[in-house]
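Scroll down for the structure; my scribbles are underneath it.
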Amino acid sequence: MADISNNTAICVFTFITNKNRYNLLNTTDVKALKNELHYSDDRGDELFIGRKIKLKSETGKEKDYIITSIGALYFQGERFNNRDLIGDKSDYNAQIMVWLDEAK
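For the sequence shown, position 68 matches number 458 in this note's numbering, and the numbering has no gaps at all.
Here's what the structure looks like:
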């Protein structure tokens, strides 16, 4: 499998709730992602199905979620438009989609 970070000009991480399809986090900045995403254990920063995480809301309050699905979308040689993120024309663009349920 190709290394995404070496083959993409733009990689967007998008976290969405399953319940109402609300977009919780949309970023191309891995440093910003690490500031808003907190893990329930010390198993590294890998994203996998069944993992419990905490995400900060717009007000700064943390909420518990569980990852239910992960997907990747690839766009070759196209302009990438996603809300307020606009990418330049490039060989590869990617979007990592992470679907979440509220943890109980």
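Every residue gets a Cβ at the ideal spot worked out from N, C-alpha and C, and that includes glycine.
Whether Phe405 touches Leu414 by CB criterion (7 Å): yes
Is the segment 457 to 465 touching the segment 409 to 423 in the sense that three or more CB pairs, one from each, lie closer than 8 Å? Segments in contact, no.
Could you check where the beta strand (DSSP E) with Asp423 kicks off and where it finishes? The sequence as given places Leu at residue 423; Asp does not occur at that position. It is not in any beta strand (DSSP E) - Leu423 instead sits in the alpha helix (DSSP H) that spans 420 to 426.
Helix, strand or coil for Ser430? Go by DSSP, reduced to three states. coil
Restricting to Cα atoms, I'd like to know which of Val488, Asn416, Asp419, Ala484 is closest to Ile456. Val488
So Glu426 packs on Lys442, CB below 8 Å; how close in whole Å? About 16 Å separates the two Cβ atoms, so there is no contact after all.
Take Leu437 and list the residues in its own chain whose beta-carbon comes closer than 7 Å to its own, dropping the five residues that flank it on each side. Ile457, Ile460, Val488
List the residues that DSSP assigns as beta-bridge partners of Asp491. Ile456
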